[in-house]
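**Student:** Have a look at this one.
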Ligand code: PMP
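Numbering (my numbering), first residue to last: 1 to 369.
Pasting the structure below:
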């Protein structure tokens, strides 16, 4: 809606597509809901208890901007053990989203170019616009693989950063070792920042997770507890990268988010020791169930991670197909929300087996229309 006070920057993007789906969901009775972007398990008991204990022991004030030492130092030890980079520093952010906002504010000057792979996570383009950057999209259809030659061609003197998300939202595709290593080296060679959104790192079903920071000691990693521990409402994330970049981000955090919620940070330190592998096994099985249920009638890349699949609409556009699915009480998200193309749709299998089965049934029926 128009109002004369509203700043120009808010008008450069729009969020009506996804809001429309969620408004519809709110009105639907007993939908078959395969649209949810968060785990369907609860925050582990030990983590919930740790948050309660933190609140009850009066850990309710502001935290240090960079994070409470119990969590920040534990994360630093984990990062040092994993990468062994002399200059890699960690801070605690208000969710992965908070980390993404701060990385854009800290690195992107107006007019700088940011390379993003299409399909992409919904937040990327708006964040680039907000800081006056220019998103340069690289189309990855139909297999969602990263073509390093196309990335090399897209790099210009204005390129500031490349944004990688593997395992990816919305496709569930995980980049191969060659893609990750190649991208990491390309970024280093061209002296552009490589920002890796690793929020789905706990959900890799076929190969162990691999970070581009293994091959590029300047890579900036954004991660968080939202998906790995189902803590989406707790707003807890972390970022690691070159100390100077982290210091700039912490400075901006001081004047924006201030800190991540303190009780959640104490609980995050406990979460780091909680084994979530049972969920990995459950989600792998759900992935297999969905893939097996659809692969013969849909053009569908087998997802290797996260909890999404991104099939092609068998007829019509992505939105037309999704509208028909919604008429059949199946709630899914049109691919156009995550892409310049409106040809696919996103399914989330972070749902009960019975819901996934009902979803498969409706989708198979719709495909044969
Ligand atoms: N990155 C990706 C790729 C995501 O899918 C999400 C959540 N849907 C986020 C970041 C944001 O997560 P957080 O809750 O940590 O802000």
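Backbone N, C-alpha and C fix where the C-beta goes; we use that ideal spot for every residue, glycine too.
1. Rounded to the nearest angstrom, how far is the Cβ of residue 9 from that of residue 129, given a contact under 8 Å?
2. My output table needs one value for residue 59: the three-state DSSP class, helix, strand or coil.
3. Compare the C-alpha of residue 308 against each of 323, 334, 317, 239 and name the closest.
4. Is the Cβ-Cβ distance between residue 103 and residue 195 less than 8 Å?
5. Contact between the stretch 287–301 and the stretch 151–162 is defined here as three or more beta-carbon pairs at a separation below 8 Å; is this criterion met?
6. Give a yes or no on whether the C-beta atoms belonging to residue 118 and residue 340 are separated by under 8 Å.
7. For residue 138, which residues in the same chain have their Cβ closer than 7 Å to its Cβ, ignoring the five residues on either side in sequence?
8. With DSSP collapsed to three states, give me the class of residue 263.
9. Quick check on DSSP: helix, strand or coil for residue 128?
10. Flag residue 197 as yes when its Cβ comes closer than 7 Å to any non-hydrogen atom of the ligand PMP, and as no otherwise.
11. Could you tell me if residue 205 is buried or exposed, where buried requires 16 or more neighbouring beta carbons within 10 angstroms of its beta carbon?
12. Rounded to whole angstroms, what is the Cα-Cα separation between residue 322 and residue 306?
13. Leaving aside the five residues before and after residue 368 along the sequence, list all residues of the same chain whose C-beta is less than 8 Å from its C-beta, in chain order.
14. Hey, does residue 203 have any beta-carbon neighbour from chain B nearer than 8 Å?
15. Comparing the CB of residue 15 with every heavy atom of the ligand PMP, is any distance shorter than 7 Å?
16. Which ranges would you report for the beta strand (DSSP E) in the stretch 46–98 if only whole runs of at least 3 residues count?
17. Can you tell me whether residue 232 sits near the ligand PMP, meaning its C-beta is under 7 Å from at least one heavy atom of the ligand?
18. Got a sec: does the ligand PMP put a non-hydrogen atom nearer than 7 Å to the Cβ of residue 310?
19. For residue 248, tell me which candidate among 178, 183, 208, 91 has the shortest Cα-Cα distance.
20. Classify residue 62: buried if its beta carbon has 16 or more other beta carbons within 10 angstroms, exposed otherwise.
21. DSSP on residue 136, reduced to helix/strand/coil?
**Tutor:** Inspection of the coordinates gives the following:
1. Residue mapping note: residue 9 aligns to position 9 of the chain shown, counting from 1. Residue mapping note: residue 129 aligns to position 129 of the chain shown, counting from 1. Correct: roughly 7 Å between the Cβ atoms.
2. Locating residue 59 in the chain shown gives position 59, counting from the first residue. Residue state, collapsed to three classes: coil.
3. Counting from one through the chain shown, the residue named residue 308 turns up at place 308. Residue 334 is the option with its Cα nearest to residue 308.
4. In the chain shown, counting from the first residue as 1, residue 103 sits at position 103. In the chain shown, counting from the first residue as 1, residue 195 sits at position 195. The answer is yes: Cβ separation under 8 Å.
5. Between the stretch 287–301 and the stretch 151–162 there are fewer than three inter-stretch CB-CB distances shorter than 8 Å, so the stretches are not counted as touching.
6. Taking the first residue of the chain shown as 1, we reach residue 118 at position 118. Taking the first residue of the chain shown as 1, we reach residue 340 at position 340. Their beta carbons are under 8 Å apart, which means residue 118 touches residue 340 by this criterion.
7. For the purposes of this step, residue 138 is identified with residue 138 of the chain shown, where counting begins at 1. Only 115, 117, 118, 150, 151, 154 meet the Cβ criterion.
8. Sequence index remark: in the chain shown, residue 263 carries index 263 (1-based). The DSSP-derived three-state label of residue 263 is helix.
9. Residue mapping note: residue 128 aligns to position 128 of the chain shown, counting from 1. Note: residue 128 maps to helix in three-state DSSP.
10. On the chain shown, position 197 is the one that residue 197 refers to. For the ligand PMP, at least one heavy atom lies less than 7 Å from the Cβ of residue 197.
11. Within the chain shown, residue 205 is the residue found at index 205, counting from 1. Counting Cβ neighbours within 10 Å, residue 205 comes out buried, since at least 16 surround it.
12. Numbered from 1 along the chain shown, position 322 holds the residue referred to as residue 322. Numbered from 1 along the chain shown, position 306 holds the residue referred to as residue 306. Near 21 Å, if we compare the C-alpha coordinates of residue 306 and residue 322.
13. Reading the chain shown from its first residue, position 368 is the one you call residue 368. Once the five neighbours on either side are set aside, the close Cβ partners of residue 368 are 297.
14. Looking at the structure shown, chain B is missing, and only one protein chain is on hand.
15. Your numbering for residue 15 matches position 15 in the chain shown. For the ligand PMP, not one heavy atom lies less than 7 Å from the Cβ of residue 15.
16. Every unbroken stretch of the beta strand (DSSP E) spanning 3 or more residues and falling wholly within the stretch 46–98 is given here in chain order: 88–93.
17. Along the chain shown, read from residue 1 onward, the residue named residue 232 stands at position 232. Yes, Cβ of residue 232 sits closer than 7 Å to a heavy atom of the ligand PMP.
18. Here the question's residue 310 lines up with position 310 in the chain shown. No, the Cβ of residue 310 stays beyond 7 Å of every heavy atom of the ligand PMP.
19. Position 248 of the chain shown, counted from the first residue, corresponds to residue 248. When each option's Cα is compared against that of residue 248, the closest is 91.
20. Within the chain shown, residue 62 is the residue found at index 62, counting from 1. By the 10 Å Cβ count, residue 62 comes out exposed.
21. By 1-based counting over the chain shown, the position of residue 136 is 136. The DSSP-derived three-state label of residue 136 is strand.
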